[in-house]
Every structure is written in structure tokens, then in C-alpha cells.
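Protein chains in written order, with this note's numbering: chain A, 1397 to 1693; chain B, 26 to 433.
We treat Cβ as the ideally placed atom computed from N, Cα and C, and that holds for glycine.
Report on the structure given below.
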Amino acid sequence: MSAAIAMERLEPAPERPPADVGLPLRVATIRRVVPETPDTSTYWLTLADPAERARFRFEPGQFDMLTVPGVGESAISISSDPAHPERLAHTVRAVGRVTRALGALGSGDRIGLRGPFGRPWPMAEAEGGDLLIVAGGLGLAPVRPAIFRAMRARDRYRRVVVLIGARGPEHLLFGGEFDGWGQWMRDRELEVALSVDVPTDDWPYGVGVVTTLFDGARIEPQRTTALVCGPEIMMCFAAHDLVVRGMSPDRIHVCIERNMQCGVRLCGHCQLGPLFVCSDGPVFPFGEVVDHLEAGR
Amino acid sequence: MVPLASCRKAGEPATFLREHRERKSEGTEPVRFMDRPAFGRLLAELARRGYAVIGPTLRGGAIVLDHVEGLEDLPRGLGSRHGPGVYSLLRRDDDRLFGQAPGPDSAKRFLFPPRERLATVSRPGGRLTVDRAADGEPPRYAFVGLRACDLQAVLIQDRVFLGGPYRDEPYEARRDGAFFLAANCTDPGQTCFCTSTGTGPWCRAGFDVAVTEIDGGMVAEVGTAEGREVLDAAGAREASPDEIAASDRAVRQAADRIDRRPDLRGIGEVLYRNAGNPVWDEIAERCLACGNCTAVCPTCFCHDVVDTASITGQEAERSREWASCFSEEFTHVAGGSPIRASGASRYRQWLTHKFASWRDQFGVPGCVGCGRCVTWCPAGIDILEVLAAIRARDGERDHDERHRTAVR
Ligand SMILES: Cc1cc2nc3c(=O)[nH]c(=O)nc-3n(C[C@H](O)[C@H](O)[C@H](O)COP(=O)(O)OP(=O)(O)OC[C@H]3O[C@@H](n4cnc5c(N)ncnc54)[C@H](O)[C@@H]3O)c2cc1C
Ligand code: SF4
Ligand code: SF4
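What follows is the structure, given as C-alpha cells:
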């Protein structure tokens, strides 16, 4: 059971942790807004302060808290290349107060940004083996930095397989740049497969939920690390499917979404069993969270 | 110094807080005594030192914590009666100041206020600027008469706000400036169970001065150098062996009177493995989801962050406000149903957090046995009964498995 209770005031840690309640809220300028799907756009941001801009680094899978002044704050994953942290993409679906208010802003407008927060995708741990990236819908945004990272360090991985699913072709993120991007991926020996639930007449790729792409992906369970991102139900189906194919639940990583008010482990909203999704996650080995997800905690 | 007896008698079942931290006998530090006038001088000395003195005081039929100017603001000769959904004050046949069990307030309301401004965002001429909320110097509180459970609750909130990877500065500023004149409990309530959580009735750590009220005055133990100075300034004399014995007896008797002795052994594991127990549904049918329990709980820390704009839109304020895991919005995610949509899942979250996941997060459970959530539950739900029911029906599962919503 619990450690013996020693309730005296905790000694301050030798290196004091950062103070981060509400602040530092940095100021970021919207440089460009790229519409992706009927309800989703990518916002390219640069930090207004040059020194902060030069210092900012992030890891694939981390997120920022974006503030629309006077409206509120939302957790949004960084969707751009971690090799270029001086310009930050955030791909946002307009679903509520903050995300719709963001939609009303454009190039030159300023917003608030705190971050980056959270446990990233295990890019180093996956080195030496195969990387299987599975993205459903908006879930492509949080794994996109992982794809960039893998492309830039291509020789550190064996196969890199990217499976992308969406409701329909018009819901495919980064579609505008997709052919170019897809070609770029193929040039760097990334294997890419696409599938949509509801195809159009001229859709040349797969049809069905993203897990239907597993059969063609020639997954070698013993040497693969999977990064799975999408709606929770899709991640659970995909993870269970991969377990059945012989993968260890600890090498399947999922990205969990929960209500977040602070992003720094203080507000309590994102608790999942004993875990704080904001800082213990949002990326978790499936084995670490499956019981909590199934208990509905 | 006379070491006080442990609140747990030999042979009693081990509680979930296995080891009680005994006060160290320092030998040289004398135990003090204050008669009523000296105690009054102590309050004045705290005010003179610039503290906002906060203590129990009578307001609208309840003992709340508020500013106290002097002895006359403290409740005199008042006792309290507590039960599930029941609280009342009663007249005692003496003139004790600390003759009641804690009321609905705890230090939480001051160190972590219900609403507080965190920052101001303005855009003069369209340029966004951010300011740390500057509401002047943080208040320096001197808490008077805080009971052992509430002192432990402060130490637990320290772990929440200061022990993690991100330090909560507004909390820290108030916490660092605070003075604690704690009171060993001599009159526990009927919903108290601090002897089982290992958090009372003795104050064991975290105080500047700890007093025990006996006939004629207060026996006082020094916790810090400032505590000693304050006692000196009040003219507290050395306590006699009889006075010390009387204080020891008073708290021991209080411990003996606490008859709620829940079996908390392994309770965390019991709760974790009973997420699908039908007991949660049964309790949820009674629970009004009012959130009273989370508001009165001295350790509950969950909050919302709220942004509001001025009418002109040129200024915005960021605040935080207490939130409750009993509300549906607590787990709202845009474009979906809440993660914990059922009342049962929310009740389960509260109790499982207190007795299981809290321990995994912060190294200690989140319950100090103060009984407030029982006393101030309008539905009279008693967490100890819920815990006992879960234990008695360990392993029972909801047949329709409503909770295994798994994947929302
Ligand atoms: C780690 C993480 C990464 C995310 N990455 C992205 C992303 O890359 N792109 C994207 O479009 N969305 C992302 N989301 C979801 C996004 O945070 C919500 O869609 C957004 O907060 C909705 O806010 P709103 O004000 O528009 O909605 P409203 O329904 O008006 O929400 C009100 C408030 O509730 C909270 N809230 C509501 N939904 C969520 C949610 N799903 N997650 C967390 N808090 C929520 C927010 O505090 C919000 O301000 C992510 C969420 C998390 C937790
Ligand atoms: S859970 Fe109830 S008894 Fe325990 S500390 Fe909170 S209010 Fe007190
Ligand atoms: S348990 Fe009682 S106090 Fe807590 S939310 Fe339910 S009705 Fe309110």
C-alpha cells in the first residue's frame, strides 16, 4: 500500500520546477491559415518574441494550449516538422467556442500559446525496428511530426508504414499537399496506404475502416512499434487488432484526448485512473491505459 | 517535552496510513500554557505581525472560517452535532472556544480560493500583451484553531500544487506566508474518522504552534521558531505536568470517542477492481450530483480555467474556479458525450480518486477523515457505508456492464 506517511512539507526540489499556471502565455502570430477539410484548418504560427521563437523546441506528439483572448483555451497538437520549431502548425477542427473563434481569425492576428506539453511519441525507442503509423481522421495531425521525424532520420528505422483512414476523400487532412507529400514520403521509402469509409467514384485507394489496411501492411509484430492516433474507438479497435496479430500492448502507442483546462497537471480534468493525460500522456503505451479505458474511468 | 500517546492502540487493525509520524521529543523545548487573556494576546500578536487572522466563527447557524479580530469573535461554549446530511450547533456547559468539530470551511478556501484571477490579457492597439494578475501582495494568513485533519489536508494540497513537475505560484505565495496555530481535537464530530486515516486527532506536523484546550486555558506546543516568538510575546508560561497530563488525556479521550473505524486495508485495490460494481448505480440513484462533497472536502483541488472578455473586447481575464467531478461538463469533450456520462461513473471517480488513484498520484490518499462530505451531503450519503458496501460485494459486476463503455 501507500508509502509511510510523511506529511511534513515537501522539501523544495533542488531544481525548482517551472511555475506555469496560466503563464507563461506567449504571444503567437498567425502567419497563414490553410483550409484542410470542410471543418478543419491548419494555422501556421510564429512566436512574436524572437528570443522565445529561437528557444522553442518540441517533440512529435506534444501539444500546445492555444488561447483566443477572451474566449478560452484549447489543447491542440503541433502538426508540423519538429526540425523547424520556429514555425508551428496546429490543425484545428472547429467544434466549439474556442475552435470556432479561432476560425474567425486570420493571418496577422495574435493568439496566446502555452507549451509544449505532454509525453511525445517514442521515436527513439522505436529505432532499429519497423515503425507502423496508423491515423484516423484528425488523428493524422498529432502523428504528422512523427512522420517528419522518421523521414529525416530514415536510416534509423527499417520499414516505415503509414496507414491513413478518413470518412471520405474530402476529410483527408493535408489533402491539398497530399499528392506532393505522398510522393515525398514514397521517395524516402515510406510505405503509405489510404482508406476511406465512403469513397467518391474516382477514389483510387482503399475503402473501409483504417484497420482493413493491416492485412496488406505485412506487419512483423516482433520488430514493430505502432503509433496509433484517432478517435478513441478507432484506437481501441486498431490496438486490439494489432495485439491479435501478435504485437505487445506495450509497443502500441495511442494518443488519448480528455478535457484539459490547464495542461500542467493541476486542474484535475484529464484524469484517467491515476494518470494525468496532459503530462503522463497524451501518448501512452496501450498496455498502460487499456484497463482504465475499459473501466470507463 | 512529553511525548503524546499514539492515537492507535496496540492490537488495532493497521490502517491504510500505516505509520504515524510521532512528534520528536526535543527535550529542551518546554510545553507552554496560556490562560484566556494570554490567548487573546496571542491573537493580537499575530495581527501585529501583519497576519490576517482566520479562525472559527459563528455565521448563520454554522461555524465557518473567517477573519477574527480577537477572542470575542471565536465561538464560545458551542458544540456541534454531525451526521449524514445533519449538522447542528449546541450549547455546551462550559465556555470552550474549540469545543466543536470543524465546520464546512477549511484552509482550502483561503489557500486555494473558490475563484481567483490568474492573468490579464489585453490588446492595446491590437497588440496582444499578457500580464500576471497583480492583485497586490499575496495575503498572509494566520490560521487559528485548524484541527489535525485540516492541517494534514494542507500538507496534501502542498503535494498537489507544489510537488509535481509544475509549481503553482499563486498557491505557493499564500502557503509560504501562512502561520498555523493548530488545535489538537478534543471534541470530534460523529462523522469523523481521522483515527483510521492516521490524520488526527493529534497535530503531528506542519504547525507553528499546536494547542490543546483544557479547563482554564490552552496547553501549547512549539512547532517553529516563529511559533515560539509568538508564544513569548503572548506571555505563555511553562505548562505544569498536570496541565500537560490533562491535555494528553483530553485528546486521548477524543480519539477513543471516535467510533467510526472503517476497514481501509487495501481499499485502493478493492476500488480499482470494482469499477463495474452495481453499488455505484445504487448510490448514484441517491446522489444529487450537487458537488457539495467536493466543495467541502479540504483536499479536493479540481478546477476550471475560465476566460472572460470585457465588453469592449480589449481586455480579457483568466481565472480559475473550483470545479466538481460530479458535474457532467467536467469531462466534456467537444463533439461527443462526456467521458463520465453516468452519475454512477462520476460517483465512482470521486471515491476511487480519494482512496485509490490519489495515493498513486501523490503518495498519500486524498482523504483525511474529516467527515465533511458525509455531514454536508444533502442526500445523507455516507462514504464509509459506500466503501463498506463495495468491500462486502467485492467482485460483483453490473450485469449489463454499463460501465464497460470502454471506448466512449
Ligand atoms: C492532447 C490533446 C490534443 C488535441 N489536439 C487537437 C488537434 O490537434 N486538433 C484539434 O482540432 N483538436 C485537438 N484536440 C481537441 C481540442 O482540444 C478540442 O476540440 C477543443 O478543446 C474544443 O474546444 P472548444 O472551446 O472549441 O469546444 P467547447 O465544446 O466549447 O469546449 C469548451 C472547453 O472544454 C474543453 N474541451 C472541450 N473539448 C475538449 C477536448 N476534446 N479535449 C480537451 N479539452 C476539451 C476546452 O477547455 C474548451 O475550451 C486535442 C485535445 C487534447 C486533449
Ligand atoms: S473525502 Fe470526505 S472525509 Fe475525506 S477528507 Fe474529503 S471531505 Fe473529509
Ligand atoms: S455525494 Fe452527496 S454531496 Fe456529493 S454530489 Fe452526491 S448528493 Fe452532493
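>> Please return the same chain residues whose Cβ sits closer than 8 angstroms to the Cβ of L409(B), not counting the five positions on each side in sequence.
In response: F218, R285, P287 and V399
> For A275(B), does the count of other Cβ atoms within 10 angstroms reach 16, so buried, or fall short, so exposed?
Replying inline: buried
> Within the 8 angstroms Cβ cut-off, does V1429(A) reach chain B?
Replying inline: no
> Considering D332(B), what are the terminal residues of the beta strand (DSSP E) in which it resides?
Replying inline: H328 to A334
> When the Cα of F326(B) is compared with those of C1663(A), L1528(A) and A1447(A), which residue comes out closest?
Replying inline: C1663(A)
>> Would V1494(A) and S1476(A) be called neighbours here (beta carbons separated by less than 8 angstroms)?
In response: no
> Per the contact definition of three or more C-beta pairs closer than 8 angstroms, is the segment 100 to 115 of chain B in contact with the segment 207 to 222 of chain B?
Replying inline: yes
>> Let me check understanding here. Comparing Cα to Cα, which of D120(B), R277(B), A320(B) and S370(B) lies closest to P403(B)?
In response: A320(B)
> With distances taken from CA atoms, which of H1480(A), P1434(A), D1445(A) and P1465(A) is nearest R1453(A)?
Replying inline: H1480(A)
> Helix, strand or coil: how does DSSP classify T1495(A) here?
Replying inline: helix
>> I'd like to check one pair, P1617(A) with G1385(A): are the Cβ atoms closer than 8 angstroms?
In response: The question about residue 1385(A) has no answer, for chain A in this structure spans 1397 to 1693.
> With 8 angstroms set as the bound, which would you pick, yes or no: does the beta-carbon of R1449(A) sit closer than that to a beta-carbon of chain B?
Replying inline: no
> Leaving out five residues before and five after H1371(A) in sequence, what residues of the same chain have Cβ atoms less than 6 angstroms from its Cβ?
Replying inline: Not covered by the structure: residue 1371(A). The range shown for chain A is 1397 to 1693.
> Rounded to whole angstroms, how far is the Cβ of G248(B) from the Cβ of A235(B), which I believe are closer than 8 angstroms?
Replying inline: 6 angstroms
>> Suppose you measure from the CA of A1424(A) to the CA of R1483(A); what does that come to, to the nearest Å?
In response: 10 angstroms
>> Do C228(B) and G394(B) have their beta-carbon atoms positioned less than 8 angstroms apart in this structure?
In response: no
>> Within 8 angstroms of any Cβ in chain A, is that where the Cβ of P403(B) sits?
In response: no
>> Within the continuous alpha helix (DSSP H) that includes C174(B), where are the two ends?
In response: A173 to L187
> Among the residues of its own chain, which have a CB less than 6 angstroms from the CB of G170(B), if the five just before and after it don't count?
Replying inline: G80, P81, F123 and A208
> Candidates R371(B), C392(B) and Y196(B): which alpha carbon is nearest R142(B)'s?
Replying inline: Y196(B)
>> ligand 2 and C327(B): does the residue's C-beta get closer than 7 angstroms to at least one heavy atom of that ligand?
In response: no
>> Please report the straight-line C-alpha distance between P163(B) and A250(B), rounded to a whole angstrom.
In response: 22 angstroms
>> Can you determine whether any heavy atom of ligand 1 sits closer than 7 angstroms to the C-beta of R1540(A), and answer yes or no?
In response: no
> Does the beta carbon of F326(B) come closer than 8 angstroms to any beta carbon on chain A?
Replying inline: yes
> Under the three-state reduction of DSSP, which class applies to E1455(A): helix, strand or coil?
Replying inline: coil
> According to the neighbour-count rule (16 or more other Cβ atoms, all chains shown, within 10 Å of its Cβ), is Q374(B) buried or exposed?
Replying inline: buried
> Between the C-alpha atoms of A1542(A) and V78(B), what's the straight-line distance to the nearest angstrom?
Replying inline: 55 angstroms
> Cβ of R1493(A) within 7 angstroms of any heavy atom in ligand 4?
Replying inline: Absence of ligand 4 is noted for the structure shown, with ligand 1, ligand 2 and ligand 3 being the only ligands found.
> For the alpha helix (DSSP H) that contains V411(B), what are its first and last residues?
Replying inline: I408 to A417
> Which of the residues in the segment 183 to 214 of chain B, read from start to end, lie with their CB under 9 angstroms from any CB of chain A?
Replying inline: D183, R184, V185, F186, L187, G188, G189, P190, Y191, R192, D193, E194, P195, Y196, E197 and R200
> Of all the options A1562(A), R1550(A) and P1595(A), which has the alpha carbon lying nearest to the alpha carbon of M1581(A)?
Replying inline: R1550(A)
> Closer than 8 angstroms, CB to CB, is P1678(A) near chain B or not?
Replying inline: no
> So, helix, strand or coil for F1544(A), using DSSP?
Replying inline: helix
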